[in-house]
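A short write-up of the structure that comes next.
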Amino acid sequence: MADGPSVAARDDLAGVVDLFGWLTRAELSRALSELAFKQRTEVDENAIDAAIDLAVAEYALVPAPDGALSGDADATDGGTDRAAAGTGEGGTALAVGPAAFPTLPEGAEDLPHILDVPDRGVDRETLADAVLAQLREEAVEAINAGDAERLETLADVTYDVEAWAPVDVDPIRTRILAEVDE
Numbered sequence: 633m634a635d636g637p638s639v640a641a642r643d644d645l646a647g648v649v650d651l652f653g654w655l656t657r658a659e660l661s662r663a664l665s666e667l668a669f670k671q672r673t674e675v676d677e678n679a680i681d682a683a684i685d686l687a688v689a690e691y692a693l694v695p696a697p698d699g700a701l702s703g704d705a706d707a708t709d710g711g712t713d714r715a716a717a718g719t720g721e722g723g724t725a726l727a728v729g730p731a732a733f734p735t736l737p738e739g740a741e742d743l744p745h746i747l748d749v750p751d752r753g754v755d756r757e758t759l760a761d762a763v764l765a766q767l768r769e770e771a772v773e774a775i776n777a778g779d780a781e782r783l784e785t786l787a788d789v790t791y792d793v794e795a796w797a798p799v800d801v802d803p804i805r806t807r808i809l810a811e812v813d814e
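Throughout the sequence shown, residue numbering follows the working numbering, covering 633 to 814 in sequence.
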């Protein structure tokens, strides 16, 4: 989207996802394209992909395992059913993550009518367990790679996760901070 940084902002992305409970990556991309059209801006698919990737990297959006999802995907993503929603690049199910402060971009209130997505929900406990596992995995990868910048981001995310869900992130945070302080 040429002039749409507000549409592509991570909290706006989270707001769009929050409107539905969860969306596949392809559905979110379509929603952002629809918003750009409503706002009379051009669609830049690469910018949309980059915005989604950044929101996922920053834990504003998180991949949701099938066990955390209720409701079925519909024809907006090619008829993918819930069991397949978590597979493939376009079918990855995304939910609002711990680092998000969901906001609705201008015109987003019309998206449920435009996309015609069925009622959906997310089991927060199952999602929190998946996010904790992802955080552990990414911390190990960043430690092994010596990626101090990523470790600092992940350290910040541990505080967000702790406020977002009743999970114990202290062991992960302690390990990350030990690496950052070296």
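Every residue, glycine too, gets a C-beta built ideally from N, C-alpha and C.
This one's a predicted model, so the numbers in the text were calculated from it and none came from an experiment.
C-alpha gap between residue i and residue j, whole angstroms
i, j, result
"VAL675", "PRO744", "20 Å"
"ILE680", "SER661", "6 Å"
"VAL799", "VAL763", "10 Å"
"GLY647", "ILE746", "16 Å"
"ASP742", "ALA658", "18 Å"
"ALA760", "PRO750", "23 Å"
"VAL772", "ASP779", "10 Å"
"ARG805", "GLU814", "14 Å"
Opening and closing residue of the alpha helix (DSSP H) in which residue i lies
i, result
"PRO744", "743 to 747"
"TRP796", "780 to 796"
"LEU645", "642 to 652"
"PHE733", "Careful: PHE733 lies outside any alpha helix (DSSP H) and carries neither H nor E."
"GLY672", "The sequence given here places Arg at residue 672; Gly does not occur at that position. Looking at the DSSP string, ARG672 is not in any alpha helix (DSSP H), and its letter there is neither H nor E."
Any non-hydrogen atom of the ligand SAM within 8 Å of residue i CB
i, result
"GLU690", "As presented, the structure is devoid of all ligands, the ligand SAM included, so that no description of it is given."
Beta-bridge partners of residue i, as assigned by DSSP
i, result
"GLY753", "SER702"
"PRO695", "LEU726"
"THR656", "ALA725"
Residue i vs residue j beta-carbon contact at 9 Å
i, j, result
"LEU693", "ALA732", "yes"
"ARG790", "ASP643", "What sits at residue 790 in the sequence shown is Thr, not Arg. Taking 9 Å as the Cβ cut-off, THR790 and ASP643 do not qualify as a contacting pair."
"ALA663", "ALA774", "no"
"VAL801", "VAL728", "no"
"VAL793", "PRO730", "yes"
At least 3 beta-carbon pairs within less than 8 Å: the stretch 748 to 758 vs the stretch 665 to 674: no
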